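Okay, so here's the structure we're looking at.
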């Protein structure tokens, strides 16, 4: 992972020298995962999640069959996810200036999720204590390492999936077993962009995710899928100098031929 971090940071630095549009991008690390994030956009994503502007759809994989949580505040894993989001918010304040970006977190007090130590972490990560550096990855592994929920659960929210698979580290095997016996819909979102050489449009896969068929009986007409597509359309319009259109592809997969994205 250190080599990957170094290579990503070097590549991003070279790209930023060529284009000012890439200046708000930084490399972020969570355990064995590396991301390139737009700091301002990510801060707004965190804020909208915490203020219910963007309602999260959480699928409890510890239930058999998996169920969408109707009362997330009463679920321990959902509460845990919210605490994780608050820790991210302390590092990525929504009012962050795109010209001054957090790359190295403040001196870290490793949090114990749900404990009184959270105040210490919030203080340590307040804006006046945040360190800034332009050449290193932002390693926030401490946020997820001590959390009870899995990195996969955090990842589903972080990447903006329309539905987040929610399960704890303790019940990870049970969660995968509950999901493995289900037929699923495999969703793929594609975006078309202008070609740099040929006038022909080029299509790229933006992201993909899976949902049990029992949960998405209306396929792409589920309200939470429609809300997700509306958000993606808004992002596409903000980058209309590059992206032209997008489409959603849905495939049915039997339980014995799954490509599960969690």
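Residue numbers (the UniProt record's numbering): 1 to 262. No residue lacks a Cβ here, since even glycine has one placed at the ideal position from N, Cα and C. All of these numbers come straight from a predicted model, not from anything done at the bench.
Report task. Report the partner residues of residue 190 according to the DSSP bridge assignment. Result -> Mapped onto the chain shown, residue 190 falls at position 190. Residue 190 is bridged to 205, 247.
Checklist line | Spatial neighbours of residue 75 in its chain, beta-carbon cut-off 8 angstroms, leaving aside the 5 residues before and after | finding: As a first step, residue 75 must be located in the chain shown, where it is residue number 75. Hits under 8 angstroms: 58, 60, 69, 166.
Which term fits residue 250, buried or exposed, when burial requires 16 or more other beta carbons within 10 angstroms of its beta carbon? Position 250 of the chain shown, counted from the first residue, corresponds to residue 250. Per the 10 Å Cβ criterion, exposed.
Q) Exposed or buried, residue 4, counting other C-beta atoms within 10 Å across all chains shown (16 or more means buried)? A) As a working note, residue 4 is residue 4 in the chain shown. By the neighbour-count definition (other C-beta atoms within 10 Å, threshold 16), residue 4 is an exposed residue.
Notebook entry, point to check: Expressed to the nearest angstrom, what Euclidean distance is found between the alpha-carbon atoms of residue 205 and residue 62?
Noted result: Here residue 205 corresponds to residue number 205 of the chain shown, with the count starting at 1. Here residue 62 corresponds to residue number 62 of the chain shown, with the count starting at 1. Between residue 205 and residue 62, the C-alpha separation is close to 30 angstroms.
* Asked: Who are the Cβ neighbours of residue 170 in its own chain at under 8 angstroms, not counting the five residues just before and after it?
  -> Stepping through the chain shown from its first residue, residue 170 is reached at position 170. Hits under 8 angstroms: 148.
For the structure I just gave you, are there three or more beta carbon pairs, one from the stretch 148-163 and one from the stretch 215-230, closer than 8 angstroms? The stretch 148-163 makes contact with the stretch 215-230, as at least three CB pairs between them are under 8 angstroms.
Helix, strand or coil at residue 123 [DSSP, three-state]: Numbered from 1 along the chain shown, position 123 holds the residue referred to as residue 123. With a pLDDT of 43 at residue 123, under the threshold of 50, the modelled position of this residue cannot be trusted, and the question is left open.
Flag this pair as yes or no: are the beta carbons of residue 145 and residue 6 separated by less than 8 angstroms? Translated into positions along the chain shown, residue 145 becomes position 145. Translated into positions along the chain shown, residue 6 becomes position 6. No; because the gap between Cβ atoms is not below 8 angstroms, this pair is not in contact.
Find out if the Cβ-Cβ distance for the pair residue 92, residue 29 is shorter than 8 angstroms.
Residue numbering aside, residue 92 sits at position 92 when the chain shown is read from its first letter. Residue numbering aside, residue 29 sits at position 29 when the chain shown is read from its first letter. No; because the gap between Cβ atoms is not below 8 angstroms, this pair is not in contact.
- Query: Leaving out the 5 sequence neighbours to the left and right, which residues in its chain are closer than 8 angstroms to residue 213 when beta-carbon positions are compared?
  - Reply: For the purposes of this step, residue 213 is taken as residue 213 along the chain shown, with counting starting at 1. The residues are 182, 183, 184, 185, 252.
| said: For a test of the three-state rule: what should DSSP assign to residue 67, helix, strand or coil? | reply: Working through the chain shown from its first residue, we reach residue 67 at position 67. DSSP, reduced to helix, strand and coil, places residue 67 within a strand of the structure shown.
Margin query: Run through the DSSP bridge pairs and tell me what residue 211 is partnered with.
Written below: Mapped onto the chain shown, residue 211 falls at position 211. According to DSSP, which records beta bridges pairwise, residue 211 is partnered with 185.
* To do: Quick one: residues in its chain with C-beta nearer than 6 angstroms to the C-beta of residue 82, no 5 flanking neighbours on either side, listed in chain order?
  => Taking the chain shown and counting its residues from 1, the one referred to as residue 82 is at position 82. By the criterion of a C-beta distance shorter than 6 angstroms, residue 82 is surrounded by no residue of its chain, once the five residues flanking it on both sides are discounted.
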